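**Student:** So the protein sequences, as listed, match chains P and A.
Residue numbers 61 to 309, in this note's numbering, belong to the letters of the first sequence in order.
Residue numbers 17 to 235, in this note's numbering, belong to the letters of the second sequence in order.
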Amino acid sequence: MIEIKGIRKSFGDLEVLKGLDLNIEKGDVVAILGPSGSGKTTLLRCLNFLEKADEGTMIFDGQEFDMHSASRKTIHEIRIKTSFVFQQFNLFSNKTVLENVTLGLTVARKMDKHKAEEIGKNLLDKVGLSDKYEAYPNQLSGGQQQRVGIARALATDPEIIYFDEPTSALDPELIGEVLAVIKELADEGMTMLVVTHEMNFAKHVSKKVIFMDEGNIIASMPTEQFFNEQKNERIRNFIKSIEHKGEQK
Amino acid sequence: MKIINLLTDSFLKILLPGIRVTIPLTVISFSLAMVIGILVAFVQFANIRVLKQLARFYIWVIRGTPLLIQLFVVFYGLPSVGVIIDPFPAAVIVFSINEGAYSAETIRGALEAVPKGQIEAGYCSGLNFVQIMWHIVLPQALRMAFPSLANALIAMVKSTSLAANITVMEMFMVTQQIVARTYEALALYLELAFIYLMFSTVLTRLQTYLEKRMNTRGA
Ligand SMILES: Nc1ncnc2c1ncn2[C@@H]1O[C@H](COP(=O)(O)OP(=O)(O)OP(=O)(O)O)[C@@H](O)[C@H]1O
Ligand SMILES: [Mg+2]
Numbered sequence: 061m062i063e064i065k066g067i068r069k070s071f072g073d074l075e076v077l078k079g080l081d082l083n084i085e086k087g088d089v090v091a092i093l094g095p096s097g098s099g100k101t102t103l104l105r106c107l108n109f110l111e112k113a114d115e116g117t118m119i120f121d122g123q124e125f126d127m128h129s130a131s132r133k134t135i136h137e138i139r140i141k142t143s144f145v146f147q148q149f150n151l152f153s154n155k156t157v158l159e160n161v162t163l164g165l166t167v168a169r170k171m172d173k174h175k176a177e178e179i180g181k182n183l184l185d186k187v188g189l190s191d192k193y194e195a196y197p198n199q200l201s202g203g204q205q206q207r208v209g210i211a212r213a214l215a216t217d218p219e220i221i222y223f224d225e226p227t228s229a230l231d232p233e234l235i236g237e238v239l240a241v242i243k244e245l246a247d248e249g250m251t252m253l254v255v256t257h258e259m260n261f262a263k264h265v266s267k268k269v270i271f272m273d274e275g276n277i278i279a280s281m282p283t284e285q286f287f288n289e290q291k292n293e294r295i296r297n298f299i300k301s302i303e304h305k306g307e308q309k
Numbered sequence: 017m018k019i020i021n022l023l024t025d026s027f028l029k030i031l032l033p034g035i036r037v038t039i040p041l042t043v044i045s046f047s048l049a050m051v052i053g054i055l056v057a058f059v060q061f062a063n064i065r066v067l068k069q070l071a072r073f074y075i076w077v078i079r080g081t082p083l084l085i086q087l088f089v090v091f092y093g094l095p096s097v098g099v100i101i102d103p104f105p106a107a108v109i110v111f112s113i114n115e116g117a118y119s120a121e122t123i124r125g126a127l128e129a130v131p132k133g134q135i136e137a138g139y140c141s142g143l144n145f146v147q148i149m150w151h152i153v154l155p156q157a158l159r160m161a162f163p164s165l166a167n168a169l170i171a172m173v174k175s176t177s178l179a180a181n182i183t184v185m186e187m188f189m190v191t192q193q194i195v196a197r198t199y200e201a202l203a204l205y206l207e208l209a210f211i212y213l214m215f216s217t218v219l220t221r222l223q224t225y226l227e228k229r230m231n232t233r234g235a
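Right, here's the structure in full:
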């Protein structure tokens, strides 16, 4: 469904993505792991053109184009087909929960307001927020805000959702409710690319794991194989250190 | 007793031009200033090249020169190059251009204070730049800028007294004329000050009320 070839990105002298390739099939749930600063966020942002890659080719639904010179129209088409869930939620603070979810439908897609609200309410029910339609984001807990973020991402019926550490800004006791929603989506066959530090999520929900290090993908394999047959010493140590941290919590 | 009669007689005489001139002058000028302010702030926020430079130049000149002199340039200066403008429209032009420069800076600061992540989320929802500005950034920015803009409005009510200098028949001008006839400068100017105070008080109350109402909704 999405294929990326040779994506490069530098910030000044710092080369953050060093020409990596990526292939995502429909229904894939891919966890992206890797140490801090390895370029995970930058990769996701380039995929949705929040950051412009210096080089790289994208093939989306069979349509191939250069990522650096993509036209505004192409970028818009890609964004219409994809969604993004942010670490810091980034809800529209002047809009109610329901408006947050429907804005992409009523404004960007000119959908009828009642139809959009019906979709929005269904999704909010799905993420367990049926009593919060009219609340404002600052009246919600972090976990609730992120569930609104997920409902907003789902509203536009995307082909793929990118998640950038969806639970890292949450208190430990709120992480579970958000992961449960993402797991439900995985079970329904939603295509998702999830940057995460949650080993349990990577192990039990994702079907594939990508490991990034210093701007390269150094491993990309089925989840089972990644955790159980890991030959790379560096990756084994990384997993151990994270799991150790997890236990200390 | 004579002084009390004078004050009650003059009260309406001063208040009437307040309602007929000071208020319309303020309302029209401030509304235009808001339009100018939003456009000039927007041009800078969106980083539109030449227009941004023009915006900086405009703000630099207007904020760097006295309002009174701007009034004189337009009303007494421009006729010498064939541009003759009546007192009231001249005052509207100067007050709106002057306040536009200040509110542009206020609004630009507020636009920049809206978290960038919300703009990115807007793009990810498929909105374009103008839709993001209209639905997300501008409403939040105006709410943040509201207290400063309300203060600016109150300041403008008082600044309109400067229009007396270009023969606009507003409250100060009318009071000066009454003083010239009666020589009761202290009482009459205090009365004028009191009327300005009434106007400002109403606006301050309104500001407090609106701020409270806004705070009950969202961030
Ligand atoms: N806008 C930017 N300007 C300059 N440098 C940047 C910018 N964004 C990211 N970087 C740098 O690029 C590198 C990769 O950052 P990135 O955020 O992609 O890492 P990450 O893998 O997501 O890390 P983390 O796990 O901490 O979120 C870092 O060294 C970071 O400092
Ligand atoms: Mg990151």
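Where is the CB? At the ideal position from N, CA and C, for every residue including glycine.
The structure presented is a predicted model; accordingly, all values stated were derived computationally and were not measured.
Verify the contact flag: PRO282(P), CB atom, against every heavy atom of ligand 1, threshold strictly below 8 Å.
**Tutor:** Not so, every heavy atom of ligand 1 lies at least 8 Å from the Cβ.
**Student:** Can you find the residues in the same chain that come closer than 7 Å, C-beta to C-beta, to ALA201(A), ignoring five residues on each side of it along the sequence?
**Tutor:** Hits under 7 Å: VAL195.
**Student:** Determine, for GLY125(A), whether the minimum Cβ-Cβ distance to residues of chain P falls below 9 Å.
**Tutor:** Closer than 9 Å: no.
**Student:** When the distance is taken between beta carbons, is LYS100(P) closer than 9 Å to ILE92(P)?
**Tutor:** Cβ atoms of ILE92(P) and LYS100(P): closer than 9 Å.
**Student:** Which residues neighbour ligand 1 when neighbourhood means a C-beta less than 5 Å away from any of its non-hydrogen atoms? List them by chain order.
**Tutor:** Selection output, chain order preserved: PHE71(P), VAL76(P), SER96(P), GLY97(P), SER98(P), GLY99(P), LYS100(P), THR101(P) and THR102(P).
**Student:** Please find out if some non-hydrogen atom of ligand 2 comes closer than 8 Å to the beta-carbon of ILE224(P).
**Tutor:** Here the sequence assigns Asp to residue 224(P), which means Ile is not the residue at that position. Within the cutoff, so yes.
**Student:** Indicate whether the contact test is met: 3 or more Cβ pairs, each with one atom in the region 105 to 116 of chain P and one in the region 231 to 246 of chain P, closer than 8 Å.
**Tutor:** Contact between the region 105 to 116 of chain P and the region 231 to 246 of chain P is absent, because fewer than three Cβ pairs lie under 8 Å.
**Student:** Classify ASN114(A): buried if its beta carbon has 16 or more other beta carbons within 10 angstroms, exposed otherwise.
**Tutor:** It counts as buried.
**Student:** Hey, TYR212(A) and VAL173(A) are a contact pair by Cβ (cut 8 Å); roughly how many whole angstroms apart?
**Tutor:** That belief holds up - the Cβ atoms of TYR212(A) and VAL173(A) are roughly 7 Å apart, short of 8 Å.
**Student:** Evaluate ILE100(A) with the Cβ neighbour count: other Cβ atoms within 10 Å of its Cβ, from every protein chain shown; 16 or more gives buried, anything less gives exposed.
**Tutor:** When all chains shown are included, ILE100(A) counts as exposed.
**Student:** From which residue to which residue does the alpha helix (DSSP H) around LEU68(P) run?
**Tutor:** The displayed chain sequence assigns Arg, not Leu, to residue 68(P). Looking at the DSSP string, ARG68(P) is not in any alpha helix (DSSP H); the run it does join, the beta strand (DSSP E), is 62 to 71.
**Student:** Rounding to the nearest angstrom, what Cα-Cα distance links PRO155(A) and GLN86(A) in this structure?
**Tutor:** If you take the alpha carbons of PRO155(A) and GLN86(A), they lie about 32 Å apart.
**Student:** I believe LEU253(P) touches ILE84(P) by the beta-carbon criterion, under 8 Å. Please report the beta-carbon distance rounded to the nearest angstrom.
**Tutor:** About 6 Å separates the two Cβ atoms, so the contact holds.
**Student:** ILE221(P) and SER143(P): beta carbons closer than 9 Å?
**Tutor:** Cβ atoms of ILE221(P) and SER143(P): closer than 9 Å.
**Student:** Within 9 Å of any Cβ in chain P, is that where the Cβ of ALA107(A) sits?
**Tutor:** By this cut-off, ALA107(A) is not an interface position.
**Student:** Please report the distance separating the alpha-carbon of LEU158(A) from that of GLU159(P).
**Tutor:** Between LEU158(A) and GLU159(P), the C-alpha separation is close to 19 Å.
**Student:** So, ILE182(A) versus VAL43(A), is the Cβ gap smaller than 9 Å?
**Tutor:** No, these two residues do not count as a Cβ contact at 9 Å.
**Student:** Measuring alpha carbon to alpha carbon, tell me which residue in ARG65(A), ALA106(A) and SER96(A) is nearest LEU83(A).
**Tutor:** Closest option to LEU83(A), Cα to Cα, is ALA106(A).
**Student:** Does the distance from the C-beta atom of LYS78(P) to that of GLU274(P) stay below 9 Å?
**Tutor:** Contact: yes.
**Student:** Which value, in whole angstroms, describes the spacing of the CA atoms of VAL265(P) and VAL89(P)?
**Tutor:** Going by the C-alpha atoms only, they are around 8 Å apart.
**Student:** For the region 159 to 167 of chain A against the region 218 to 226 of chain A, do three or more pairs of beta-carbon atoms, one drawn from each stretch, fall closer than 8 Å, so that the two count as touching?
**Tutor:** Contact between the region 159 to 167 of chain A and the region 218 to 226 of chain A is present, because at least three Cβ pairs lie under 8 Å.
**Student:** Touching or not, the region 130 to 138 of chain A and the region 59 to 73 of chain A, by the rule of three or more beta carbon pairs under 8 Å?
**Tutor:** No, they do not touch.
**Student:** Looking only at its chain, what residues have a beta carbon closer than 7 Å to the beta carbon of GLN205(P), apart from the 5 residues adjacent to it on each side?
**Tutor:** For GLN205(P), where only same-chain residues beyond five positions count, the Cβ hits under 7 Å are PHE149, LEU151 and PRO197.
**Student:** So which of LEU143(A), ALA179(A) and ALA203(A) has the shortest CA-CA distance to LEU23(A)?
**Tutor:** That would be ALA203(A), whose Cα lies nearest to the Cα of LEU23(A).
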